[in-house]
Amino acid sequence: MLKRIALWTLPILVIGTLFYWPMTQILGRGLKGNWLLTLGEPAVADAIWFTLWQSLVSVLLCLIVALPTAYVLYRRTAPAGRVLRALITVPFALPTIITAIGFTVFQKQNVNYSISGMASWLTSPVFWILVAHLFVNFSVIVRTVGSAWVGLSHETEEAAALGGAGRLRIFWSISRPQLMPAIVSASATVFMYCAGSYGLILVLGGGRINSIETEIAFAANQRLDLQEAGALAILQTLISVAAFAISATGARSRIGFDTHDITTHQPKLDQRDLPAIAVTVLALILVLAPLVAIVTRAFVAIDGTPTLQNFADLGGNGARNLLSITLEQAALNSLRNVGVATLLASVFGILVAYLLSRPSLVSHVRITNRVLDIAFMLPLGVSTIVLGFGYLLTFGSGPLPLRSSWLIVPLIQGLMALPLVVRIVYPALASITEELGEQASTDGASASATFFRIELPLVRESVGAAIGYAAIISVGEFGAASILAYGNQATLPTVLYQLISRPGGNNYGMAMAMSAVVIVLTFAVVFGASLPTRSRPLRRRREGALKSLR
Amino acid sequence: MAYATVTAVAIALSLGACTTQTSKTVTIATHDSFLIPDSLINQFKKETGYSLEGIKVGDAGELTNKLVLTKDSPIADAFFGIDNTFASVANKNAIVDGSMSAIDYADVCFNYDRAWFASNGIVAPTSWQQLTGVKYENLTVVENPTTSSTGLAFMFSTIAKLGEPGWKTWWAKMFANGLKVEAGWEQAYYVDFSGSAGHGQYPIVLSYSSSPADEVGKAGQSRTVSINRDCFRQIEYAGVLKNAKNPDGARALVSFLKAKAFQSSVAENMYVYPVDKSVPLPAAWAKFAPASKSFVNVSKLPFDVKRSTWLDEWSKLAGQ
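This is the structure in structure tokens:
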């Protein structure tokens, strides 16, 4: 018992210092003065309104595209289903700044749209923001709902189909009620992501469209209005925590690569599925279009001729020496940050998951555990802009002047990833703890031996997924880095943003070339991770491990 | 959990290791358009013994504000690029050690594409006040004052020249006349403007009086013309930051920026005029890019008090 309390102190210290302390600084700033009046100012109120309605519309668009896609890819046997399921997760794994860059290729056709008499919404930044949100997030709904759909029984549906009910009717009256928890949970998650979207709105909105996030950055960076930034940060946190709470009640574990096997035999697609197939094809085109646009554009020079020069330029500092460091150095910074952030998130994440998963019969321990569970989950609901702003306020001077150290960016990224690691590993550990742990300990194994030699190997798929997510978060993180990473500490996303916002000379081509490289790497990683895992030999090894301990 | 302890110790150790820095390096925070040739960086090292490291932080506004937000432990020793619209912010927040030194200046004026007006048989404008006219419908692109210091400078020009509420009426007419707004100068000039590399769709762009010097074609003529009337004179400053780790190096650097060698580089590299009047300008400049002789008087504008109000008002007109 004492030992467990001792083990808790370290992660509590970490989250206390790196999360709750900066958050109290924000609260202090935001609640100074009349913060309600601040939020009522026209420009601020507009940003709040935009954030809310665009998140809601983004969710609806995602649902319209994702539900038929989930049906085709999870509820039916689609040709190359595994490949397609991996493909649609690429946008989610991609750094958002690259998504933004991809859509600027289409946005740049602005003039052509107006000349060809296309509807005015094609020239509107809002339209592209919504499409980009759809692109990034619809796979969250596909995966969550799809995973739930796989497990549903086919009998009722078949009976209804025999009775002459159409696909839509079957979905509405039979599948939908059963899928509701998954749909609500995934929608809330997407809402949270869209409300917290920063890089996409910054790039595609071009300064003309403001959300709460861009307004926080704008208030702090351009107007030095820390009170407004603080007030908005509090509001942003309330919105995302509310969305997060809804998403957490709906599904037990929504995250993870294709960890479950889709072994249940699903029926083949037939003619009546054509509308759903059409939507799925559209979704796949949506996923591929900006990626293909970037990759092709990477091989085109300013004058429109094919070239490899954009890739050769990656070793330089851009037109007119725009960048303080080369893209290669920025990539190395990002890699280093991924290393530190992933280490921090997985060590403390697994430790917390381990401590939370210890069964307890004492009720006050169970209550404490529940409180700690929530305390370690809260950072999931806080945007990186908010946290980056909090770090700027907290660690500039004072007892811990972290801001001038390169560690500040990986620390913030590690902290963002930590709750995800807990959420992925904890349920996995909890599900095996009781049956295995007690068995081993009655056989005389020590707690740490049981953990390292039995439990950890058993949940290694979850640990792998958790580390993968931590790495994705760190690579793509833009908000905090844009506030805190300067000069030679720039990361890949911040350097890409510099290039895309100063597109003169070869800068635009360089942004395309670097994005193309990252896209190819992301494809490699996502498809690598979704390859069939050999689970059977593993099971045998588990049993072997148990036996050897006995 | 030996792991965790080891990590914590490792993090703590590397934190300590990071705060030390060699005093032989001097860092300068600048806006994104700062450019110093390698030869001058070497010369600076030869003369003073300091290696120069540059940190670029967005436009003049972002630079100023970032320096204010990080003033307790500054991100650099010196700065370059705070301009006369943001100098008051820097002074109010006491981020400068000593005083600021003017290094260069630039005139924010409109440019037009000579060939476009010739081939379309339209008379080119001679002042920005004319741009609300019907014949200039859908021809003009400017930078957003909320995201670009060029755009901000011009917004101040309209306020200084037309007063309240005249400046707002003028902008409203411009928006009705098909004004295009871009976030930054590079997008506006290099992508949308028809007279430069991007061959865009807009023959009039908000840029600088010096820009035509960069558009001189093979025939020895500039493709563009600057409308040198009622421009905004932007003065850029350098200085030593308070609490700098290397104040001596920073002072040496600021002196270097004021000396002949650097002063004669600014025209070629940053398209601005050196403050040192004895430094000659490149040959093409006298012909195509003389400094404007007519600019609006902005000395009475209460920049720091009214900036955000004006920006909000502008944004509302822009229909955000």
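Those sequence lines, one after another, are chains A and B. Quick note: the first sequence uses my numbering, first residue -3, plus one each step. Quick note: the second sequence uses my numbering, first residue 55, plus one each step. Ideal Cβ placement from N, Cα and C applies to all residues, glycine included.
Within the same chain, and ignoring the five residues on either side of residue 111 of chain B in sequence, the residues whose Cβ sits closer than 6 angstroms to its Cβ are 83, 117 and 120. With a minimum length of 4 residues, the unbroken runs of alpha helix (DSSP H) contained wholly in the stretch 363 to 408 of chain A fall at 380 to 390. Neighbours of residue 263 of chain A in chain B, taken as residues at a C-beta separation under 9 angstroms, are lacking, since the least C-beta distance is about 48 angstroms. Beta-carbon to beta-carbon, residue 263 of chain B and residue 248 of chain B are separated by about 19 angstroms, too far to satisfy the 8 angstroms threshold. Scanning its chain for C-beta atoms nearer than 7 angstroms, with the 5 sequence neighbours on each side dropped, one finds around residue 341 of chain A the residues 410, 413, 414, 417 and 466, in chain order. Annotation for residue 162 of chain A: 268 place their beta carbon closer than 8 angstroms to its own, counting only its chain and skipping 5 residues before and after.
Between residue 292 of chain B and residue 311 of chain B, the C-beta gap is smaller than 7 angstroms, which places the two residues in contact. DSSP places residue 370 of chain B in the helix class (H, G or I) of the three-state scheme. Per DSSP, residue 70 of chain A lies in no beta strand (DSSP E) segment and is marked neither H nor E. Residue 317 of chain A has a beta carbon lying within less than 7 angstroms of a beta carbon in chain B. For residue 237 of chain B, no alpha helix (DSSP H) encloses it, and the DSSP letter there is neither H nor E.
Residue nearest to residue 361 of chain B within the set B:318, B:227, B:200 and B:88 is B:200 (criterion: CA-CA distance). The Cβ neighbour count for residue 348 of chain B, taken over all protein chains shown within 10 Å, is under 16; the residue is labelled exposed. Counting other Cβ atoms within 10 Å of its Cβ, residue 228 of chain B reaches 16 or more and is therefore classed as buried. Around residue 237 of chain A, the same chain offers 377 as residues with beta carbons nearer than 6 angstroms, after the five sequence neighbours per side are excluded. Residues of the stretch 298 to 327 of chain A with a C-beta less than 8 angstroms from any C-beta of chain B: 298, 316, 317, 318, 319 and 320, listed in chain order. Residue 153 of chain B counts as exposed, since fewer than 16 other beta carbons sit within 10 angstroms of its beta carbon.
In the structure shown, residue 29 of chain A adopts coil according to DSSP, grouped into three states. Taking residue 137 of chain A as the centre and dropping the five residues before and after it, the same chain places the C-beta of 58, 62 and 182 closer than 6 angstroms to its C-beta, in chain order. At a cut-off of 7 angstroms between C-beta atoms, residue 217 of chain A counts as an interface residue with respect to chain B. Close partners of residue 116 of chain B in chain A (Cβ separation under 9 angstroms): 217 and 218.
Runs of alpha helix (DSSP H) with 4 or more residues, each lying fully within the stretch 448 to 513 of chain A, are found at 456 to 472, 475 to 480 and 488 to 497, listed in chain order. Each residue's CA atom was taken as its position, placing residue 185 of chain A and residue 146 of chain A some 20 angstroms apart. Measuring C-alpha to C-alpha distances from residue 75 of chain A to each of A:127, A:10 and A:266 identifies A:266 as the nearest. For the pair residue 18 of chain A and residue 276 of chain B, the Cα-to-Cα distance works out to about 54 angstroms. Note that the C-beta distance between residue 198 of chain B and residue 203 of chain A is below 7 angstroms. Where residue 96 of chain B is concerned, the enclosing alpha helix (DSSP H) starts and stops at 92 to 102.
When A:505, A:351 and A:40 are compared, the shortest CA-CA separation from residue 301 of chain A is found for A:505.
Not a single C-beta of chain A is nearer than 7 angstroms to the C-beta of residue 269 of chain B. Counting of Cβ neighbours within 10 angstroms places residue 34 of chain A among the buried residues, the total reaching 16 or more. Residue 287 of chain B has its alpha-carbon roughly 20 angstroms from the corresponding atom of residue 179 of chain B.
Per DSSP, residue -1 of chain A is one residue of the alpha helix (DSSP H) stretching across -2 to 11. The residues 358, in chain order, have a CB closer than 7 angstroms to that of residue 146 of chain B in the same chain once the five nearest residues on each side in sequence are set aside. Within the same chain, 222, 223, 226 and 389 come within 7 angstroms of residue 25 of chain A by CB-CB distance, once the 5 residues on both sides are set aside. For residue 89 of chain B, at least one C-beta of chain A is nearer than 7 angstroms to its own C-beta. When secondary structure is reduced to three states using DSSP, residue 110 of chain B falls in the strand class.
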